[in-house]
Amino acid sequence: MKLVIQRVKESYVKVNNELVSKIGKGLNILVGFSNEDKNDNINNKLIKAVEKVINLRIFEDDHQKMNLSIKDIDGEILVVSQFTLYGDISKGRRPSFDRSLNKDDAKILYDNFVKLLKEYYPKVKEGVFSAKMEVSIINDGPVTFIFEL
C-alpha cells in the first residue's frame, strides 16, 4: 500500500468534465495497492495508514512550524485511487503494472480505506475508483510525503 500525501490549498476531481469532489485546505491523498496487499495483515495496514493520515502534523502553527494535524486545522481530505503508484518504469519505455493489485481486489481495499478514514474523520471526499479523472491539486508549500506500508 502506497500513499502520496499532499498538503493542499484546494483540490478537485472531475470525471467526464463534471465536478465529482472538491475540497479546500487539507490533504489530497493518492492511494495505490500492490499484489502484496492481498494478505491477512491488510486490515492492520489500513488502520496504520488512516492513523498516520489523521495524526500527521504537516500544517503550520502560528510560528510557521509543521505542528498541526488535519484535525487541528479542521481541514478536508480528498482521496484518489491511483494504481500507477506501483508502475515500474525501470526497464524499457512502457510502464509495467505487474506489481499493481488487480482492479477488483484494489476496489475492495480502496473502499475499506475510505470507509475507515471516514470513521476516524468525517471530512473525507473521494474520486471515482477506476475512472479516468482530471485531478487538480494546488499544493501548499509544496509539501508532499510518500508513505508505503
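Numbering-wise, the sequence shown is residues 11 to 159 according to the numbering used here.
Even for Gly, the Cβ is constructed at its ideal location relative to N, Cα and C.
Keep in mind it's a predicted model, so treat the numbers as computed, not measured.
Query	Result
Roughly how many angstroms lie between the CA atoms of Met97 and Leu88, to the nearest whole one?	Residue identity check: residue 97 is Gly in the sequence provided, not Met. Distance between the alpha carbons of Gly97 and Leu88: 22 Å.
What alpha helix (DSSP H) runs, 4 residues minimum, are completely inside the stretch 59-123?	80-83
Do Ile99 and Val18 have their C-beta atoms closer together than 8 Å?	no
Tell me the rounded alpha-carbon separation between Leu78 and Glu86.	14 Å
Near Lys58, what residues of its chain come up, given a Cβ to Cβ distance below 8 Å and the 5 sequence neighbours on each side ignored?	Leu159
Classify Asn45 as helix, strand or coil using the three-state DSSP reduction.	helix
Which stretch, first to last residue, makes up the beta strand (DSSP E) that contains Asp150?	143-158
Per the DSSP calculation, Glu20 is bridged to which residue(s)?	Ile148
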